[in-house]
Amino acid sequence: MSPEECLALAERYRKLLDTATDPFTRYHLEAMERSYRVLADSERAVRRSRRIVDALDELGNDDEEKTVAEVKAGS
0 MSPEECLALA
10 ERYRKLLDTA
20 TDPFTRYHLE
30 AMERSYRVLA
40 DSERAVRRSR
50 RIVDALDELG
60 NDDEEKTVAE
70 VKAGS
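Structure follows, in structure tokens:
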């Protein structure tokens, strides 16, 4: 699931929250919205780390310390 899909679902739960009246439903809709936002953030972090690992692999292991600093500067 992409971060965009997760954010779309989070937004859907937020909109449903506006129509919920009982505390039980509101609690669970809030939990679902929060969960999908965390999932979107996590997916973005995983994708970013994959790019960093790929960049390090391209540069080789000899210059690993130097390349980490270069990758951080490029983010």
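Mapped onto numbering that gives the first Met the number 0, the consecutive letters of the sequence shown carry residue numbers 0 to 74. Using N, Cα and C, we set each Cβ at its ideal position, and we do this for glycine too.
- If the five residues before and after A39 are omitted, its C-beta is found closer than 6 Å to the C-beta atoms of P2, C5, L6, all from its own chain and listed in chain order.
- When only Cα atoms are considered, E57 and S48 end up about 14 Å apart.
- With a contact defined as Cβ atoms closer than 8 Å, L16 and E29 qualify at about 6 Å.
- Secondary structure note for D21: it is in no alpha helix (DSSP H), with a DSSP letter that is neither H nor E.
- Setting aside the 5 residues that flank it on each side, P22 has no residue in the same chain whose C-beta is closer than 7 Å to its C-beta.
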